[in-house]
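Structure, as structure tokens:
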Amino acid sequence: MPMEKTFDAAQAEARITALWEAAEAFRAGANARPGAPAFSVMIPPPNVNGSLHIGHAFNNTLQDILVRWHRMRGFDTLWQPGQDHAGIALQLAVENELAQSQIQRRDMTRAAFLDYAWGYKERTADRIVGQLKRLGASCDWSRNAFTMAGAPGDTRIGHENSPNFHDAVIKVFVEMYNKDLIYRGKRLVNWDPRFETAISDLEVENIEVAGHMWHFKYRLAGGETYEYVERDAAGAVNFRETRDYISIATTRPETMLGDGAVAVHPSDARYAPIVGKFVHLPLCDRLIPIITDEYPDPTFGSGAVKITGAHDFNDYAVAKRNSIPCYRLMDTRGAMRADGAPYEQAVLRAREIAAASATTEAEVDSLNLVPTKYRGLDRFEARKQVVADITAQGLAVTVLVKSLDPETGSEHLTLEPVVEAKKIMQPFGDRSKVVIEPMLTDQWFVDTAQIVEPALEAVRTGRTKIIPASGEKTYYHWLENIEPWCISRQLWWGHQIPVWTAMVPNLQGDVGTWSVRVGEDIPLGKAAEFNHKHAQDETALGGKLTPAGLLTMQFCAATAEEAKRQIENVWVSRTGRPLPYKLVEVDSEPKEWPQFLFNTTTKGTDIPIWRDPDVLDTWFSSGLWPIGTLGWPEQTPELQRYFPTSVLVTGADILFFWVARMMMMQLAVVNDIPFHTVYLHGLVRDAKGKKMSKSVGNVIDPLDVIDEYGADALRFSNAAMASLGGTLKLDTARIAGYRNFGTKLWNAARFAEMNGVWEGHTTGPAPTPTATVNKWIIGEAAKTRAEIDDALANYRFDQAADALYRFIWGKVCDWYVEFAKPLFDGPDAIETRATMAWVLDQCLILLHPISPFLTEELWQTTGSRAKLLCHTDWPAYGAEVIDPAADAELTWVTTLIDDIRSARAQMHVPVGLRLDMLALDMDADATAAWKNNETLIKRLARIETLTPAAAAPKGSITIPAPGASFALPLAGIIDIAAEQARLQKTLDKISKEINGLKGRLNNPNFVASAPEDVVDEAMANLVAREDEAAKLETALQRLKELA
RNA sequence: GGGAGAUUAGCUCAGUGGUAGAGCGCUUCGUUCACAUCGAAGAUGUCAGGGGUUCAAAUCCCUUAUCUCCCACCA
37 MPMEKTFDAA
47 QAEARITALW
57 EAAEAFRAGA
67 NARPGAPAFS
77 VMIPPPNVNG
87 SLHIGHAFNN
97 TLQDILVRWH
107 RMRGFDTLWQ
117 PGQDHAGIAL
127 QLAVENELAQ
137 SQIQRRDMTR
147 AAFLDYAWGY
157 KERTADRIVG
167 QLKRLGASCD
177 WSRNAFTMAG
187 APGDTRIGHE
197 NSPNFHDAVI
207 KVFVEMYNKD
217 LIYRGKRLVN
227 WDPRFETAIS
237 DLEVENIEVA
247 GHMWHFKYRL
257 AGGETYEYVE
267 RDAAGAVNFR
277 ETRDYISIAT
287 TRPETMLGDG
297 AVAVHPSDAR
307 YAPIVGKFVH
317 LPLCDRLIPI
327 ITDEYPDPTF
337 GSGAVKITGA
347 HDFNDYAVAK
357 RNSIPCYRLM
367 DTRGAMRADG
377 APYEQAVLRA
387 REIAAASATT
397 EAEVDSLNLV
407 PTKYRGLDRF
417 EARKQVVADI
427 TAQGLAVTVL
437 VKSLDPETGS
447 EHLTLEPVVE
457 AKKIMQPFGD
467 RSKVVIEPML
477 TDQWFVDTAQ
487 IVEPALEAVR
497 TGRTKIIPAS
507 GEKTYYHWLE
517 NIEPWCISRQ
527 LWWGHQIPVW
537 TAMVPNLQGD
547 VGTWSVRVGE
557 DIPLGKAAEF
567 NHKHAQDETA
577 LGGKLTPAGL
587 LTMQFCAATA
597 EEAKRQIENV
607 WVSRTGRPLP
617 YKLVEVDSEP
627 KEWPQFLFNT
637 TTKGTDIPIW
647 RDPDVLDTWF
657 SSGLWPIGTL
667 GWPEQTPELQ
677 RYFPTSVLVT
687 GADILFFWVA
697 RMMMMQLAVV
707 NDIPFHTVYL
717 HGLVRDAKGK
727 KMSKSVGNVI
737 DPLDVIDEYG
747 ADALRFSNAA
757 MASLGGTLKL
767 DTARIAGYRN
777 FGTKLWNAAR
787 FAEMNGVWEG
797 HTTGPAPTPT
807 ATVNKWIIGE
817 AAKTRAEIDD
827 ALANYRFDQA
837 ADALYRFIWG
847 KVCDWYVEFA
857 KPLFDGPDAI
867 ETRATMAWVL
877 DQCLILLHPI
887 SPFLTEELWQ
897 TTGSRAKLLC
907 HTDWPAYGAE
917 VIDPAADAEL
927 TWVTTLIDDI
937 RSARAQMHVP
947 VGLRLDMLAL
957 DMDADATAAW
967 KNNETLIKRL
977 ARIETLTPAA
987 AAPKGSITIP
997 APGASFALPL
1007 AGIIDIAAEQ
1017 ARLQKTLDKI
1027 SKEINGLKGR
1037 LNNPNFVASA
1047 PEDVVDEAMA
1057 NLVAREDEAA
1067 KLETALQRLK
1077 ELA
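Taking this note's numbering, I'd label the letters of the first sequence as residues 37 to 1079.
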């Protein structure tokens, strides 16, 4: 069956994929040489909240190229696939899907929601795997992993080779907890009011938006006044005024309700008279102190800053330094609090606290100081109200505005607050796109400062290399300034934090803090924090427990059973007797406490313990991807074989999110680097450089591209675009071009088929032909192989693609196939067939890592093959098969053909017209080169005969060549003026070159300073150019005589 | 505010010291047996501006301009 004119990608891809799968061609270690070194790559696990986009196609193409290249080279290769559970992103996707059926997550039980989410995950994970297979990704699919595999609800537990990722994550949490690398604390965190969860710093996008700044007057208590004096740089007074207020600026007026103080810089003379005094907090019936702190910038605004510790990161730090209470104003949805005691009561208590300072953090947090009228309002609504109310009280800096009453037509004056339009950086949730609220909450943190150093050291010493090197600077900068990592999320989808809380009766009447540390007798964890609830009297607020008080104790353990054991152990170690209660796990913190807990004599009642409802940041688990996918904590053979991994190929955008955290966590957990090399690539943009997004509608679906152009074309484009650094603009015109490239190779194979090249062909070593053309193309293949290896070793996928393009299209198709045509009819026919078969095999082998489908298809159909192409040995031939004489001769031949063609085209000689050519002058080398290749030259340059001649006849054009000079008699055909112009143009170009070369060679400094080979090259060039120029001048002279 | 990067042909980009390249697009010609998803030929650049180092600069240094990205707490 003869080959089609084009490669049918759609049907071939399916067939080839099935072929590979049937052969289990991508299993870990497939095609490995005995004793071969390992080459392992962890896929950056795609999120299961959607489908793959073009960036994934790019990323995975690069990985596949490396993996296929190594597999063919006989490395023990593993490409580990898998998916990420994508915490917030998946929960959002599931909630959106449920919303279409009018179902809210809050109306479901956690278990029911998770059940639904697992089903959703199954669908998307299957889709993602299908997409990767369409792309040709040669992952070991039998090992497909998932960052939540093995977690409760997983329906695929026990899948072949699929590691229990959940257990690994939990184990790491417990171990890090026991090493004090993880702690719980009430901190100001980034709170997402849309998802009602904390998020990490990295999940916050700071975006500049148009904002406003208001100015308020906080009046001094007791009607006091002071002299407000401003001075210029020289110290001269340029403003003086008696004031009864301090001026405060804010971009978030609603937070003033939670102010705890006003801060000024200690050196700020303007406010020195009033430091330590109090001001009335507008709208709030409270007095707050004026304090000093280094934070306020005296040169900015009024120099005075309101301190709202619970809603601003800077203010929080100031508040902590100065023991200013942080009053939380908002609920989890970003609305003004409506909980707790009535405002009047809360504000009374706040005054007491301000006077006596006797309180606890817990009490301050429970105090709702939002005045009644603002309670329950959304934060943005509250902002408007606060501004309006302060303005009404005359406490806003205002301006008189003249306005027209639309009904009466009369003018009137109104007092409007001065609102400065101001660009402000506002924090947004990267998933929710809503404004992030700093919120004081209890969260779990990784104490990154403790584990960052080895991660820095590994890159500094080069144990792990980041490519391109600019990524290292970014890496250092972030890690050297690392903040604690908030890892708890108030979500349902994820690894639930393995910490249980029990309310333990304080039988012994212990007072103060008894926190239980890890001890000899408590090997599985520790009681972390000590807390108190339901205190019976006020004294408890001072941190003392009454005998009837309760201890809320937290136990970190891999399972509830282990947590119970720990509780019992602690009890025994504290009391010397067994726990008289039965511990029973309940779903959530009980709303009401069993009375027995207050009656210390009751025995035999159940004590409820419950698990922390929060889940871990998705990056905590993906941070363990390298070891988790290999079966850690089991010492699996794969772990020993493939870890540390060879290279991580990923987008520069997740350097912090993922790469840095994997470095820290692998080093912290198994004390080894996760990978030897990190290759960071840019983001894929559309043809105009715009970010692809669904709302803009410029998203390119990789499957659409594959359907239209084939996976190979997309892959080749990806490789060709992958130069180091920058963003990548993807243009479908370019993909089409590379599809054509595939067709070109396809047709070369088709040509070979038509000429019997494949008959009886088997894979074999390079033939040793006698014909120069055949020697030459073998040498070209060897050069190409070296270029590709060199390029891929340096992650220069673009250079590898370029080398292939130039070899296959520029050398094999443009020249070698054409040269072979006449040879098939001559004495060298047999060796030419053998050489062509071999050369085309090399094209397939060398191109396979980039374009696997078309090459495997041709491989299967062109000869009898012992192995799949994807397992065929990568060639090692080099300089030994390059014949310099053949190389020089073919260069001469191709240059001559080019020159003749060029001259003919410019003289408008009809393409089909065969010309008689005259040899005016030929040295020995040129004569030999001509004789060897006469048929080829005549055929490709359309020359009928070559006759020696003493001089060019009238009406001929001249073709100079190294060691020779030819003439094409074209009397009656050529236009003398045109020929003159042609020659003159060439001569001008050469003269310019000669001038340059002479300029350099005549400069004694050049000859003295430049390297010898550069000087030699320049001299050789000069000789050659002058020779050429002389010939051109002779020809021009002759034309002048004619004219 | 700090950091990184970019600026080369109409477009998208290679090119890190030896006198500028590719693909696409454009112009002209071409259906003879591998390929019109093709072939042959051609045009196109003060390598952002200025200064410096060097025998020699797109390439190294300084500077200016413009753009992009990352990080950051100016109320």
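Quick reminder that beta carbons are idealized off the backbone N, C-alpha and C, glycines included. Since this is a predicted model, take the numbers as computed values, not measurements.
Residue span of the alpha helix (DSSP H) that contains residue i, given as start and end
i, result
"Met757", "Ala747 to Met757"
"Lys469", "Taken as a continuous stretch (DSSP letters only), Lys469 belongs to no alpha helix (DSSP H), as it is neither H nor E."
"Gln486", "Thr484 to Arg496"
"Tyr152", "Arg146 to Leu171"
"Phe855", "Val853 to Leu859"
"Ala865", "Ala865 to Leu883"
"Ile979", "Ile979 -> not in any alpha helix (DSSP H); beta strand (DSSP E) instead, spanning Ile979 to Pro984."
"Arg821", "Thr808 to Ala829"
"Val706", "Arg697 to Val706"
"Phe679", "No alpha helix (DSSP H) holds Phe679; DSSP gives it neither H nor E."
"Met108", "Ile90 to Met108"
Element boundaries [beta strand (DSSP E), containing residue i]
i, result
"Leu1004", "Ala1000 to Pro1005"
"Gln1016", "No beta strand (DSSP E) holds Gln1016; the alpha helix (DSSP H) holding it covers Ile1012 to Asn1038."
"Lys207", "Unbroken run through Lys207 is the alpha helix (DSSP H), Phe201 to Asn214; no beta strand (DSSP E)."
"Gly221", "Ile218 to Asp228"
"Tyr264", "Tyr262 to Arg267"
"Asn274", "Val273 to Arg279"
"Thr994", "Ser992 to Ala997"
"Arg647", "Asp642 to Arg647"
Cα-Cα separation between residue i and residue j, rounded to whole angstroms
i, j, result
"Ile814", "Phe693", "48 Å"
"Ile1030", "Phe75", "52 Å"
"Thr97", "Ala749", "11 Å"
"Asn242", "Val341", "22 Å"
"Glu1053", "Asp961", "20 Å"
"His712", "Leu766", "30 Å"
"Thr183", "Arg109", "31 Å"
"Val482", "Met144", "31 Å"
"Glu158", "Ala148", "16 Å"
"Ala856", "Lys974", "13 Å"
"Gln942", "Thr806", "36 Å"
Residue(s) in a DSSP beta bridge with residue i
i, result
"Leu317", "Arg322"
"Thr798", "Ser900"
"Lys458", "Gly247"
"Lys253", "Ser283"
"Tyr715", "Ile503 and Val685"
"Gly690", "Note that residue 690 is Ile in the sequence shown, not Gly. According to DSSP, Ile690 bridges with nothing at all."
"Leu619", "Ile643"
Residue i (DSSP reduced to helix, strand or coil)
i, result
"Gly118", "strand"
"Ile1009", "coil"
"Leu560", "For Leu560, the predicted model reports a pLDDT of 23, less than 50, meaning its position is unreliable; a value from the coordinates is still stated below. Coil at Leu560, not helix or strand."
"Val240", "strand"
"Asp834", "helix"
"Leu403", "coil"
"Ala135", "helix"
"Glu57", "helix"
"Phe764", "It is worth fixing the name first, because residue 764 is Leu in this sequence and not Phe. Three-state result, Leu764: strand."
"Gly524", "It should be noted that the sequence gives Ser, not Gly, for residue 524. If DSSP states are grouped into helix, strand and coil, Ser524 belongs with the strands."
Supposed contact pair residue j and residue i - C-beta distance, whole angstroms, cut 8 Å
i, j, result
"Ile881", "Pro911", "6 Å"
"Lys811", "Asp919", "4 Å"
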